[in-house]
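Student: Chains as they are written, first to last, in this note's numbering: chain Y, 25 to 208; chain A, 1290 to 1846.
Backbone N, C-alpha and C define an ideal beta-carbon position, used for all residues, glycine too.
Quick caveat: nothing in here was measured; it's all calculated off a predicted structure.
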Amino acid sequence: MADNKMLIKFFIASESIFFLMLILAYVNFKGTVVDGPTAESSLNPYVTGIFSLFLLASSLTVWLAGKSLRAQNHTMMKVWLLVTIMLGAIFIFGQGREWAGLIEQNITISRNVFGTTFFTLTGFHGFHVLIGLLMLSILLGLALFGDFKGPKSDGVEVISIYWHFVDGVWIVVYSVIYVWAFFL
Amino acid sequence: MSSRIPLVPENTEPLPSLKGNQGMLAWVSSVDHKQIGLMYLIITGVFFVIGGLEALLMRIQLAQPEMDFISPEVYNQLFTMHGTTMIFFVVMPFLIGIGVYLVPLMIGARDMAFPRLNALSFWLVVFGGILIYYSFLTQSGAPDMGWFSYAPLSEKPFSLNKGPTYWALGLLATGIGSIASGLNNIVTILTLRTAGMTMRRIPLFVWMILVTSFLIIFVFPIIASAFAMMLLDRLLDATFFTPAHGGSAILWQHFFWGFGHPEVYILILPAFGIISEVIPVFSRKPIFGYEFVAGSTVAIGLLSVGVWGHHMFAVGLGDVANLYFSLASMLIAIPTGVKVLNWIATMWGGKIIFATPMLFATAFIIEFVMGGITGVAIASAPIDWVVTDSYFIVAHFHYVLYGGSMFAIFAGIYYWFPKFTGRMMSETLGKWHFWLTVIGFNMTFFIQHFLGVMGMPRRIYTYQDFPYWGSMNLLSTIGAVVLALSVLVFMWNIHVSLRRGKKAGDNPWNAWTLEWAAASPPAVHNFDLVPPVRGRRPLWDLAHPEQPDEPNAKVVD
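This is the structure:
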């Protein structure tokens, strides 16, 4: 059998470089804004921080789903998958709210380099969260039809690894954008 | 695995026969590594002809001073598309494709680790190519900003046409396909080797594909993110690379070459792999210094990601950066030189058989070293300042890409054609092809070194009648025509050999690696029984049980 977990790990290594470049672009232009909005002038680290906690918590719940899978507790696995999806959705809602607020103040991707790098970086992360939510929903759907009775499933484990990665990227992104602007 | 339900029609005949199978649908829907490999080779052949014709049109335009055979606008589109095509739709997919065909056979596997992903990779490359070529049909024509698409030329308001958008989209699709094939290769090589096929025994071609695959998965994301940024700039008015709005054009250069330099090793390492397979077989000796060839490849892979700045000496990065990038780039000559010495030492004292694959492999060493030497020269910042963006650079990279990669590709085609098709290619036509290639290639490009030093810039659609420029360019153009002739001979050779070529048998070259143990062409399932692997040359061990490569090797089954 093909080694799915090895594939996802190398895939994540490759994805890490992709995000690294987006982060480098953000860092490259940080402090070069001469006029217009900056992270300091337009973001709210506390609101986004609270929504970030939901994403962090979802890493825990997807781990619990995997644990339930190994314990062959099918019901709990479905519950934890559902909770993970809900937590991820709340995070995406938070990001949508933040974006809408910025766009209302005419802070857009074309406004200046802050807008460009901020929307690109958070946008690509949000896109990865959405893909993760889609895959988790497929998992949940299949589980509701009786798949994944345990104790092992490459599908669940691989998507769980991906989800942890998306979570980890957010910790870096939050640190680079919010912590750097407000707490350092 | 439950019992297999064929969702799609499958070939029952060995490839590439179209007899008795289910026609085109069996190809389009295929997930077999051999079939996908052949499709890669066919599609790169098509792109090779297109890219070659583009080059020929440019050479005709440059044959004489102040010609107006083609307009400057079309000329710009031609050199952009020629470079993009040859790099992303010929050399790279060819090497990936021949790898997809050969790697599972060489390591004794049934298929790639992820056959569907393999098909996805291939079709992404095809559709990426179609997307880029579709731009010719748009009102404003194909991309015309050069293959490295420097900002702000590639940005609004300097490029309002749709060409660069198609370019970035097409290459993004192709790049994602390449990443997928890199991932697939890595997992295949690391997990699907047959019993006894340790990492110290895999053929060197497989080592090269492995290192190349690591390069692909780590550097293609760089350019993927840069393409995404370029597209955001062009479509949503983002400001990444537009200095007028606070962006940075130099950032594009860093991103592009951060990918672009490792990319040239992606284009040459599998070619090294082909050479490392061909030379031992036709010298009748095992490769000299297997560990050094493999190890130096890893060294090249690691060094290659730290030297991108040598493409940017003219930018003015500062003395420290220039010094670092100069020295680091020159350092790469060491592991590359190690390989050249290994190949020569393999030939040394061997019973050399100059069949067509070996002719191309031998010429590869000479032409590639030529390109390597000019490469070391222009790694020095002051020399680069003089010749940058001149025909000297054009000559340099054609020596490594045509004299290097393409010569190796031809060696590989002549070497493995019998395995792919069950028939030998014609040696007579092969020798015609070889000599026409050597003459045409050197005639086209050697003179360009001098043109470059005399100050002729690249990417100009015409030039004034300076002393000797006309005659030197004419010589180069005649060379290009000879080169085109050589490709015609090559295509004719494939055409006749497919129909009337001598039957090859399983192992026509008396080679030693596992792919030659399979039938020619291999059965759909590759091997009935994978031969035991107790050394680097399983078929030698099989034929000479009294004289194995590794007498003390543990027997595994």
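(1) Threshold first: 4 residues or longer. Then list the alpha helix (DSSP H) segments lying entirely within the stretch 1629-1674 of chain A, N to C.
(2) In the DSSP assignment, find the unbroken alpha helix (DSSP H) run with A/Gln1737 in it and report its ends.
(3) Can you tell me whether DSSP reads A/Lys1792 as helix, strand or coil?
(4) The stretch 36-51 of chain Y: which residues have C-beta closer than 9 Å to a C-beta of chain A, in chain order?
(5) Please state whether the Cβ-Cβ distance between A/Glu1444 and A/Phe1544 is less than 8 Å.
(6) Report the neighbours of A/Leu1540 on chain Y: residues whose CB is nearer than 9 Å to its CB, in chain order.
(7) Under a Cβ-count criterion, where at least 16 other Cβ atoms within 10 Å of its own Cβ denotes burial, should A/Asp1608 be classed as buried or exposed?
(8) Entirely within the stretch 29-97 of chain Y and at least 4 residues each: give me those alpha helix (DSSP H) ranges in chain order.
(9) Please decide whether Y/Ile185 counts as near chain A, where near means a Cβ-Cβ distance under 8 Å.
(10) Quick one: Cα of Y/Ser92 to Cα of A/Met1619, how far?
(11) Among A/Gly1536, A/Arg1573, A/Ser1514 and A/Leu1558, whose alpha-carbon lies nearest the alpha-carbon of A/Leu1547?
(12) Against chain Y, with Cβ distances strictly below 8 Å, would A/Arg1293 count as a contact?
(13) Find the nearest neighbour of A/Phe1602 within the set A/Phe1657, A/Ile1576, A/Val1676 and A/Ala1560, judged by alpha-carbon distance.
(14) Pick out whichever of A/Val1658, A/Ile1555, A/Trp1637 and A/Thr1374 has its Cα sitting closest to the Cα of A/Ile1468.
(15) Starting from the C-beta of Y/Thr140, find all residues in its chain whose C-beta is less than 6 Å away, skip the five residues before and the five after it, and write them out in chain order.
(16) Would A/Asp1526 pass as an interface residue toward chain Y - the criterion being a Cβ-Cβ separation below 8 Å?
(17) Go ahead and label Y/Phe223 buried or exposed: buried means 16 or more other beta carbons lie within 10 angstroms of its beta carbon, across all protein chains shown.
(18) Please confirm if A/Ile1331 has its CB atom under 8 Å from at least one CB of chain Y.
(19) Is there contact between the stretch 1745-1759 of chain A and the stretch 1694-1705 of chain A, where contact requires at least three CB pairs shorter than 8 Å?
(20) Can you list the residues of chain B that Y/Val137 reaches, using a CB-CB cut of under 7 Å?
(21) Taking a contact to mean a Cβ-Cβ separation below 8 Å, would you say Y/Leu105 touches Y/Asp191 in this structure?
(22) In chain order, what residues of the same chain have a beta carbon less than 6 Å from the beta carbon of A/Leu1648, not counting five sequence neighbours either side?
(23) What does the alpha-carbon distance come out to for the pair A/Ser1292 and A/Thr1483?
(24) Use the C-beta contact count for A/Pro1295: other C-beta atoms within 10 angstroms, 16 or more gives buried, fewer gives exposed.
(25) Can you list, in chain order, the residues of its chain whose CB lies under 6 Å from that of Y/Leu111, leaving out five sequence neighbours each side?
(26) Going straight from the alpha carbon of A/Ala1697 to that of A/Ala1560, what length do you get?
(27) Going by the beta-carbon positions, is the gap between A/Met1659 and A/Tyr1688 smaller than 8 Å?
(28) Pop quiz: A/Leu1458 and A/Leu1520 are said to be a contact at Cβ under 8 Å. What is the actual Cβ separation, rounded to whole angstroms?
(29) Output, in chain order, the set of chain Y residues within a Cβ distance shorter than 8 Å of A/Leu1472.
(30) Terminal residues of the continuous alpha helix (DSSP H) containing A/Phe1509?
(31) Based on Cα-Cα distance, which residue from A/Gln1542, A/Arg1523, A/Leu1481 and A/Trp1705 lies nearest to A/Ile1511?
(32) Please list the partners that A/Leu1479 has in chain Y, where partner means a Cβ-to-Cβ separation under 9 Å.
(33) CB-CB under 6 Å to A/Met1518, same chain, minus the five flanking residues each way: which ones, in chain order?
(34) Run through DSSP, which three-state label would A/Asn1815 get?
(35) Output the residue ranges of the alpha helix (DSSP H) runs that lie fully inside the stretch 1520-1581 of chain A and measure 4 residues or longer, sorted by chain position.
(36) Apart from the five residues on each side of it in sequence, which residues of its chain come closer than 8 Å, Cβ to Cβ, to A/His1814?
Tutor: So, from the listed chains and residues:
(1) 1645-1667
(2) Glu1716 to Val1742
(3) strand
(4) Ala37, Ser38, Glu39, Ser40, Ile41, Phe42, Phe43, Leu44, Met45, Leu46, Leu48 and Ala49
(5) no
(6) Leu48, Ala49, Asn52 and Phe53
(7) exposed
(8) 63-66 and 69-94
(9) no
(10) 56 Å
(11) Per the sequence shown, the amino acid found at residue 1547 of chain A is Gly instead of Leu. With distances taken between Cα atoms, A/Gly1547 lies closest to A/Ser1514.
(12) At A/Arg1293, the pLDDT of 46 sits below 50, so the modelled position is not reliable; the number obtained from the coordinates is stated separately. Closer than 8 Å: no.
(13) A/Val1676
(14) A/Ile1555
(15) Ile133
(16) yes
(17) The structure shown does not extend to residue 223 of chain Y, since chain Y is modelled only from 25 through 208, so no value can be given for it.
(18) no
(19) no
(20) Annotation note: the requested chain B is absent from the structure, which comprises protein chains Y and A.
(21) no
(22) Phe1723
(23) Confidence in A/Ser1292 is poor, its pLDDT being 40 and thus under 50, which makes the residue's placement too unreliable to answer from.
(24) Because the pLDDT at A/Pro1295 is just 46, under 50, the model does not fix this residue reliably, and the point stays unresolved.
(25) Phe78, Ala81 and Ser82
(26) 5 Å
(27) yes
(28) 7 Å
(29) Leu31, Phe34, Phe35 and Ser38
(30) Leu1493 to Leu1525
(31) A/Gln1542
(32) Asp27 and Met30
(33) Phe1529
(34) strand
(35) 1538-1572
(36) Arg1399
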